[in-house]
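For what it's worth, the UniProt record's numbering labels the leading residue of the sequence shown as 1, then goes sequentially. All C-beta atoms in this analysis are idealised placements derived from N, C-alpha and C, irrespective of residue type, glycine included.
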Amino acid sequence: MHYYRYSNAEVSCWYKYLLFSYNIVFWLAGVVFLGVGLWAWSEKGVLSDLTKVTRMHGIDPVVLVLMVGVVMFTLGFAGCVGALRENICLLNFFCSAIVLIFFLELAVAVLAFLFQDWVRDRFREFFESNIRSYRDDIDLQNLIDSLQKANQCCGAYGPEDWDLNVYFNCSGASYSREKCGVPFSCCVPDPAQKVVNTQCGYDVRTQVRAPMHMTLNSSGLLSRVQLPDLAQVQIGVGKPGETKLRGAT
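In structure tokens, the structure reads:
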């Protein structure tokens, strides 16, 4: 009987350093996300008192930034070291994690499509909850403003949703200057104005000023965004540029 001795398999340097280069960028992006998240928490005093995280009424966007940073940092580190050292264990972990994340996103997208009404109700409750906390956290405020400006919308279903916020509420018990108003991100931008008018939403729901449809985006976020787009938000987590909510045409 003859035995054949096979030479050890060698990994192409091109593949090796291509994978390393990709993952070093991924890893550095994770470091940036973690750094920005920790800096934001430091500015808000959360690092000195971590119980503030549990006392927040709405979602803290910094938590999302940190979660993304941890995932990117871990996967990037495993991919970098695994490729550079040709460590099979780390490479298997890297590949398994990527496949798992993909199928989890796919499952979430399919479930969101199958249970559209339930997802829409949960999204409405989530958005309305954060409307109530709009002035409580500057990061949450910026996130809501960005969503409303990007999708040219106002509230979950319309401007009246801002009655849920104590500062914009129209009740007689409110003495806020923003009473019966909306955030500036609800306003239809004036091309002639080079400076953003942050007071454009004052008193717009009292009908004292021009009709709302002339000065405000009258559609809500859920009216502007189709449900398949909500599913794409889940799929696009790992794909930069695909997480933007698209307006309905």
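Backbone CA spacing between residue i and residue j [nearest angstrom]
i           : j           : result
residue 191 : residue 224 : 22 Å
residue 118 : residue 87  : 44 Å
residue 83  : residue 90  : 8 Å
residue 205 : residue 162 : 10 Å
residue 61  : residue 30  : 16 Å
residue 41  : residue 195 : 30 Å
residue 114 : residue 100 : 21 Å
residue 35  : residue 103 : 29 Å
residue 18  : residue 69  : 22 Å
residue 79  : residue 193 : 49 Å
residue 215 : residue 156 : 18 Å
residue 139 : residue 178 : 20 Å
residue 44  : residue 132 : 19 Å
residue 38  : residue 66  : 8 Å
residue 109 : residue 116 : 10 Å
residue 74  : residue 46  : 23 Å
residue 112 : residue 13  : 42 Å
residue 48  : residue 63  : 16 Å
residue 127 : residue 188 : 21 Å
residue 249 : residue 220 : Confidence at residue 249 is low in this model, with a pLDDT of 38, below 50, so its placement is unreliable and the value that follows should be read with caution. Computed Cα separation, rounded: 14 Å.
residue 77  : residue 94  : 9 Å
residue 16  : residue 105 : 28 Å
residue 28  : residue 81  : 13 Å
residue 250 : residue 159 : Here the chain covers residues 1 to 249 and nothing more, so residue 250 does not appear.
residue 173 : residue 107 : 47 Å
residue 180 : residue 130 : 18 Å
residue 150 : residue 182 : 16 Å
residue 137 : residue 96  : 37 Å
residue 176 : residue 146 : 23 Å
residue 125 : residue 85  : 48 Å
With 16 other Cβ atoms within 10 Å as the buried cut-off, status of residue i
i           : result
residue 202 : buried
residue 218 : buried
residue 98  : exposed
residue 199 : exposed
residue 144 : buried
residue 92  : exposed
residue 23  : buried
residue 25  : exposed
residue 153 : buried
residue 170 : exposed
Nearest-angstrom Cβ-Cβ length linking residue i and residue j, presumed shorter than 8 Å
i           : j           : result
residue 197 : residue 184 : 7 Å
residue 33  : residue 72  : 6 Å
residue 222 : residue 123 : 7 Å
residue 167 : residue 120 : Actually they are not in contact, since the Cβ atoms of residue 167 and residue 120 sit about 27 Å apart, beyond 8 Å.
residue 186 : residue 148 : 6 Å
Residue span of the alpha helix (DSSP H) that contains residue i, given as start and end
i           : result
residue 173 : Here residue 173 belongs to no alpha helix (DSSP H), and DSSP marks it neither H nor E.
residue 169 : Per DSSP, residue 169 belongs to no alpha helix (DSSP H) and is neither H nor E.
residue 18  : 13–43
residue 149 : 138–151
residue 224 : 221–224
In chain order, which continuous runs of the alpha helix (DSSP H) of length 4 or greater are located wholly inside the stretch 61–134? The alpha helix (DSSP H) runs lying completely inside the stretch 61–134 and spanning 4 residues or more are 61–85, 88–114, 116–132, given in chain order.
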